[in-house]
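FYI, the numbering for the sequence shown is 1 to 220, going by my numbering.
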Amino acid sequence: MLTEKKKEFIEFMMNSDVLRFGDFVTKSGRNTPYFVNTGNFRTGRQIATLGKFYAALIKESCSDNFDCMFGPAYKGIPLAASAAAALYNEYGIDKPYFFNRKEEKDHGEGGSLVGYKPQDGDKVIIIEDVITAGTAVRETMPILTNAAKVEVKDMFISVNRCEVGQNPQKTTIMEIMEDFGINVHAIITVRDIYEYLKQDGSYGDILPKMEDYMNRYCVF
């Protein structure tokens, strides 16, 4: 259901040039009529606003029932930081966050993780932007499990593209749940975007392309 809060987030992404429409190719190689690039968030106001959306979803989904937040390099780093700040400012929930380096550091404190050092038994939540093929999740889990005996039950993203994964009958998010036991929570879904465009009435050229893409690649 397209709520006012979801409409607000869609408009926020569009105004920030993060949600765009046209002809794009996803990481999985699929041609898509819409694209989400959180790397286009570039101002203090934008990242603070984004953090509030993530914090609201985290609070609603698991309150403070976790120990730390992980943002995978690179796009997950500012997302985790902004979400951590917003959780504290909006709800008084003060949780540590950490992220990884793409290349392990061999001097100074060394290692590949920056920020909080996860401990055995920690409940970790992952903060990401968008899941398409699930490659980033499969790369992230070994980083976390090699750092400590942590538990990862929840992941938070901006957009659920609802796309099929390796199994054509299941979405990537369904596969992530089966493979890793992770519940993926999204601020909005591709269906929310489609409903927004439909209600707006000025995207007649995009709607057929969205419908075709959803029919070909999405599972609801």
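Beta carbons: idealized from backbone N, C-alpha and C, even for Gly. These figures come from a predicted structure and were not determined experimentally.
- The Cβ atoms of Tyr54 and Ser82 sit closer than 8 Å to each other.
- Restricted to the stretch 146–183, the alpha helix (DSSP H) segments that are unbroken, complete and at least 4 residues in length are 172–180, listed in chain order.
- Note that the C-beta distance between Val114 and Val152 is not below 8 Å.
- Secondary-structure assignment with DSSP links Lys123 through a beta bridge to Glu151.
- With a 10 Å radius around the Cβ and a threshold of 16 neighbouring Cβ atoms, Val25 comes out exposed.
- When DSSP reads this structure, Met214 sits in no beta bridge, so it has no partner.
- The alpha-carbon of Asn65 is positioned some 19 Å away from that of Phe180.
- In the three-state reduction of the DSSP assignment, Leu113 falls in the strand class.
- Boundaries of the beta strand (DSSP E) harbouring Leu19: 19–25, taken from the DSSP string.
- For Val150 and Gly39, the gap between their C-alpha atoms comes out near 28 Å.
- Note that the stretch 198–205 does not touch the stretch 161–170; fewer than 3 beta-carbon pairs, one per stretch, sit closer than 8 Å.
- Taking the Cβ atoms as the reference, Val190 lies roughly 12 Å from Arg216, outside the contact range of under 8 Å.
- Bounds of any beta strand (DSSP E) do not take in Met1, whose DSSP letter is neither H nor E.
- When DSSP states are grouped into helix, strand and coil, Phe53 belongs to the helix group.
- With a threshold of 16 other beta carbon atoms within 10 Å, Lys75 meets it and is buried.
- About 16 Å separates the Cβ atoms of Ile131 and Ala80, ruling out a contact at the 8 Å cut-off.
- Contact check for Ile188 and Ile58: beta-carbon distance about 15 Å, past the 8 Å limit, so the pair fails to qualify.
- With 16 or more other Cβ atoms inside 10 Å of its own Cβ, Asn100 counts as buried.
- Rounded to the nearest angstrom, the gap between the Cα atoms of Pro96 and Asp212 is 42 Å.
- For Tyr97, the pairing in a beta bridge is given by DSSP as Met69.
- For Tyr34, the enclosing beta strand (DSSP E) starts and ends at 31–36.
- If you look at Val219, you'll find it isn't in any alpha helix (DSSP H); DSSP assigns it neither H nor E.
- DSSP places Arg42 outside any alpha helix (DSSP H), giving it a letter other than H or E.
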